[in-house]
Amino acid sequence: MKGSGAFCSVRGVSILLALLFLSGCEEFSTIDMDLHFQPQLVVTGFVGADHYAMVYLQLTRHPLGSHIQIEEIDASVWLIENQNPAYPLEKASINFFTGSSNGTSFNTYELRVSSSWGVIHSEPVVIPQIIPIDSVVITEHPKANKNIKVFFRDPIGINYYACKVLFFDEENTTLEFLEPALLFHPSQIFNDIFAVNGRMEYDIPIYLSNSQVAQLHRVEVVLFHIEANAWLYFDSLLEAEGSLIDFSSEPTIVHSNMSNGLGVFGGFASDTVSVFVQPSYLK
Amino acid sequence: MLRPLRFCVRQYIAAVLVFLAVYSHAQTQCGYVFDYATGEYLVGVNIKHLSSGKGVYTDDRGFFCVSWHDESFWVVSRVGYRNDTLNLAAFENAQMQIFLMPAVYELQEVEVVQSFALRNFSRGLTLLTPSKISGIPAMGGERDLLKAVTTLPGINLGTEGFSSITVRGGGTEHNLFVLDGIPVYNSGHLFNFISVFNPEAVKDVSVYKHAFPARYGGGLASVVDVSMRDGNFKETKISADLGIINSKFTLEGPLGADGKTSYLLATRSTYLDLFKYRRLKRIRQKPIGVMPTSLLDKGDSEFGYTFADVNFKINHRFNQRHRFFASFYSGIDYYQLEDVSFSSRSSANFLRSNYLASFKSYHMLSNSLMMEFLVYANHHGNTRRTYDENYRYEWQWDQEMQMNYPRFYLTYLSENENESSLTNLAVEGHLSYAMPSEGMVRGGLSIMQHHYNPTDYFRKSLGVDGQTLQTSLKNFKPRAMQLAAYAGMEQPIYDKLDFSASMRFSGFLSDSVRYFRPEPRFTLGYKISPKDALSLSYSVMQQYNHAITRNEQMFNNTIWVPSTPQIKPQRSEQLSLGYLRLLGEADYQLETYFYYKRMNDLVFFASSPENQFLYHNWQNYLLGGGKGKGLGWEVSLTKQKGRVNGNVNYAFSRHFRQFSEVNRGLWFPYKFNRDHVFNLSGGVRLNQNWNIGFFWTLNSGARISLPNGFVQTNPFGWGYFAYDGVNNANLPTYHRLDVSFDWTRVLKNGQEIGISLNVYNAYYKKNSAYVFVGSKPIYDNDGNETDRVSVIKSVSIMPLIPALNISYKIK
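Chains as they are written, first to last, in our numbering: chain A, 6 to 288; chain B, 48 to 858.
Right, here's the structure in full:
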């Protein structure tokens, strides 16, 4: 073909330019951007069935700032149950307030915080019913990861769950724990939850080292039945973790049910089951 | 009450009778205009009455109709062609076929100025031809249609480098792309860096930002109608183009000796994957358990990508009155990732496909009545497959071999496949009637059936107890019928006014919904003088298909879903006022527009689009009822005559969105709006062989959301950013210069060779693509690092990119 020699040399140049194009294009530089920082009061609290209310207050810091020392916030925290007159929560430690009585399933609670940043009021939340754990089974398969099966019955309606597992040795020292995993039927059906006729089975894989297995004495499973605000808070918190450093992705707004402020007030009910384990089960 | 009504009716009938009496003595003639060299029909040819100066233009089928009372001499002209003067009376009662001779460029030649301006200005049409597209420097040397479109005021790229566009505050999913009459749902190749429209196959592009013709529906913000070339009716031609991103091959010519049939075949393909094919194969076949060669050996990982597309078209002219063409397009994007390490293996591949097929015919039922009939099908699909294996291992001693060896236990295995698609089948019919009054009456019907498959999901995994689990989700596949009927009239009035009004009725029917919506449209053009014009337009558009966009690593994947009882059709209405001034000998054109736009029932995907499971319940997460509003001002000055030509334009705009679930229900700035955009583009033809092109843009940085605080870790959870608003800040100002140097030479044997050097971002401006929180060290006087502070870091991804392209054309 005429001109093929010229084509070959030109093709070589093109390949070099292609490699330049493909060799990586990212460049980093530091820029100044005004973040319009103003400290805000954040109220985070929960109340549970057979559990007292817990509320933590804090101020936001500058988005680019380093960790700030906790300063005591002068505030009053009030809890309203079933629209009865509000009663104050007691300060248990710096910025941490607790109630004196336990919550009750199906009761409605609201939180009110008064401070120099104004009055912050939560939406009413209803503590859900306790969902009992039917059983906890630890399966034994030496060549596969071990797992814990948690069985419970899911009532009619949209229900939200979280599950926490703790591993203890004979002295009741915590060997390991699994962070609460958010479960939500039915969309979590593909993440190791199966439902048959309303009976839920949640499979939790165990990742313990050989030495931890040797010391393991007791496994404690806590099943939380949480209401929608708590679910949305933790779900959005998980999502926000992914955008902690990237400002160009869609911002994840962590759920809040507070008017005039940030934070969340949610309700929960829990059931706990302990299982004593024979180390020979977990090889 | 009835007396005034009867009076009005009598007056109306009298006016119509007078109107008909005046214009019934006019003679009407219709016909086509073709390129003499190729036989293809020509769009935008001006047919001007010699004595009165009134004129018409050929439409997108090269068709025109004119009326006159006395003298019948007309001048036929178009940029790039020699003028022709005809006595149309000689063709009385016969349909005409006019062939224009291409003009050979000469330095002293007086160019014919294309004065589309006054006529198309009132119709809201911007026409881009291949010469305009090829004059815009391109990234990687790949001349791209959509990037050329972004040189127009009011049209921006969504994200730098990518070909998704936003028009006057609309979303990237609000643009209706049409290829030879077929809607195109996925407009991008190569991670959306270039469009699916092969410039070698494109005849011209009609862009509407407002004043949408009634035949179009389904795109809130714009219509980009791409017409494919017919192919050369006279002789066979071959051209090949070698570039750093892809290569092209085009073959066209006549079929048969009668000159009535032509074909065009245009193909493109990358060869980026050729460099990596063998390595990918080796990694795929490599077993696990291979000992690393060093501490730095992390295993093998490779990424491969390819795209290819084919355009094929056949045209046949039965006679002067009947024409037929069949058009096909097939395009794929495929990437794969292979990774293997000592104790794990994973692979992923992604396939995106577009298939289009259409059959179209034109029929001249009489000298004034034209019918167009179209049947088409299109399919847009995405398939993703992933595979993961993980093992744990224990070192065991082999007594016989006297060495340790790893024993592997499979701990995790997962295969996932996710598929989504949208398939359409449609039939359309359109009528155009040329009235003796020089006006046109148009009407049409269309019926389209949609087959949606938002997601089909299959997963096989090894259960934690060693059992294999299979999960299959066959999502409900909704179907819907979309109907449309329209009628409208275009009428020039007393040489000063150009009026058009139309009504489009569209409907959307499925098992669960029945939506019927009117879409009125009107335009009014007023010619102040032969060089000045005003225009006013109002348009309503409905969109029944909604897009859920998902980021799949480097792909920006879009899934289309229908309107439901909860998700209503999206709607936009736009009012636009414009002014046009032709300067000098009509070689400069100044245009300015003010517009106001409102949108209702916009949709919003309420959860992270990364979770493929949520597509199974998309109805629960796709929220509607959103609102949009915005206004803008655009001004543009174009020079279209002489060796140096170009355009400078500026656009100011503000657009906002409001969703009850976002930003506490407050209005917030729209993400893809750029408040100020300034563009300068043009070309310098040095001589017959050398051409220089340039494009410079300066605009406000993209919108981002910056936090105004950070909530530190507390007893109930980890820390997170707090925001006081959405899209509350801008990235730094963006500007960039692209240049191109083109050399072409016609060889002695008539063949043509060309070399093009394109430089993207010629002065290497490091524009921010995105920002993130990083850290910067603090040093003491001795240069020791004492601390680190958080800073905002900007990432730019488009450096200076040179590209060389070689083209060769064989006749």
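Note that the Cβ used here is the ideal one computed from N, Cα and C, for glycine as well.
Quick caveat: nothing in here was measured; it's all calculated off a predicted structure.
If we call anything under 8 Å between Cβ atoms a contact, is residue i one with residue j?
i, j, result
"A258 of chain B", "G201 of chain B", "no"
"A167 of chain A", "G108 of chain A", "no"
"H497 of chain B", "A531 of chain B", "no"
"F719 of chain B", "R704 of chain B", "no"
"G351 of chain B", "E189 of chain B", "no"
"F233 of chain A", "G53 of chain A", "In the sequence under discussion, the amino acid at residue 233 of chain A is Ala, which differs from the Phe named in the question. Contact flag unset, no."
"S728 of chain B", "T85 of chain B", "no"
"L469 of chain B", "W665 of chain B", "no"
"Y409 of chain B", "R108 of chain B", "yes"
Indicate the three-state DSSP secondary structure (helix, strand or coil) for residue i in the structure shown.
i, result
"E447 of chain B", "coil"
"E225 of chain A", "strand"
"Q155 of chain B", "Low confidence applies to Q155 of chain B: its pLDDT is 28, below 50, so where it sits in the model is not reliable, and the reading given next is rough at best. Residue state, collapsed to three classes: coil."
"E246 of chain A", "helix"
"I36 of chain A", "strand"
"W790 of chain B", "strand"
"P133 of chain A", "coil"
"M845 of chain B", "coil"
"L312 of chain B", "strand"
"S269 of chain B", "strand"
"N775 of chain B", "coil"
"P246 of chain B", "helix"
"Y626 of chain B", "strand"
Nearest by alpha-carbon distance to residue i: which of the options is it?
i, options, result
"V249 of chain B", "B:L492, B:D380 and B:V357", "B:V357"
"V271 of chain A", "A:K154, A:V131 and A:F157", "Position check: residue 271 of chain A holds Gly in this sequence, whereas Val was assumed. The residue with the shortest Cα to Cα distance from G271 of chain A is A:V131."
"S752 of chain B", "B:W765, B:V113 and B:G772", "B:G772"
"I839 of chain B", "B:K856, B:G821 and B:I853", "B:G821"
"F101 of chain A", "A:V280, A:A91 and A:E77", "A:E77"
"D648 of chain B", "B:Y626, B:L629, B:P616 and B:Y668", "B:P616"
"G712 of chain B", "B:N736, B:F742, B:G675 and B:V122", "B:G675"
"F224 of chain B", "B:P246, B:D191, B:A195 and B:G265", "B:G265"
"H126 of chain A", "A:P133, A:V282, A:E115 and A:R66", "A:E115"
"Y423 of chain B", "B:R364, B:I494 and B:K507", "B:I494"
"N354 of chain B", "B:Y382, B:A594, B:V724 and B:N362", "The question names Asn, yet the displayed sequence has Phe at residue 354 of chain B. Closest by alpha carbon: B:Y382."
"F372 of chain B", "B:T308, B:V842, B:V793 and B:R568", "B:T308"
"S241 of chain A", "A:S140, A:N262 and A:I138", "A:N262"
Does residue i get closer than 8 Å to chain A when you measure Cβ to Cβ?
i, result
"P230 of chain B", "no"
"M601 of chain B", "Note on M601 of chain B: pLDDT 48, under 50, position unreliable in the model; the coordinate value appears next. It does not; no Cβ of chain A falls within 8 Å."
"V820 of chain B", "yes"
"W45 of chain B", "A query on residue 45 of chain B cannot be resolved here, the shown segment of chain B reaching from 48 to 858 and no further."
"W765 of chain B", "yes"
"A769 of chain B", "yes"
"Q759 of chain B", "yes"
"V838 of chain B", "yes"
"A776 of chain B", "yes"
Whole-angstrom Cβ separation of residue i and residue j, contact assumed at under 8 Å?
i, j, result
"D227 of chain B", "T176 of chain B", "Incorrect: roughly 17 Å between the Cβ atoms, too far for contact."
"H782 of chain B", "L745 of chain B", "4 Å"
"F110 of chain B", "M588 of chain B", "About 26 Å; that fails the 8 Å criterion."
"E893 of chain B", "S114 of chain B", "Because chain B here runs from 48 to 858, residue 893 of chain B falls outside it and cannot be looked at."
"V226 of chain A", "V170 of chain A", "5 Å"
"A534 of chain B", "S549 of chain B", "7 Å"
"L147 of chain B", "L97 of chain B", "So it is not a contact: roughly 17 Å between Cβ atoms."
Looking at the C-beta of residue i, does it have a partner C-beta in chain B at a distance below 8 Å?
i, result
"Y61 of chain A", "yes"
"P68 of chain A", "yes"
"E246 of chain A", "yes"
"F102 of chain A", "no"
"P256 of chain A", "yes"
"I36 of chain A", "yes"
"E32 of chain A", "yes"
"F156 of chain A", "no"
Regarding residue i and the ligand ZN, is the C-beta to nearest heavy atom distance less than 7 Å?
i, result
"H67 of chain A", "By its list of ligands, the structure shown contains no ligand whatsoever, and the ligand ZN lies outside what it can speak to."
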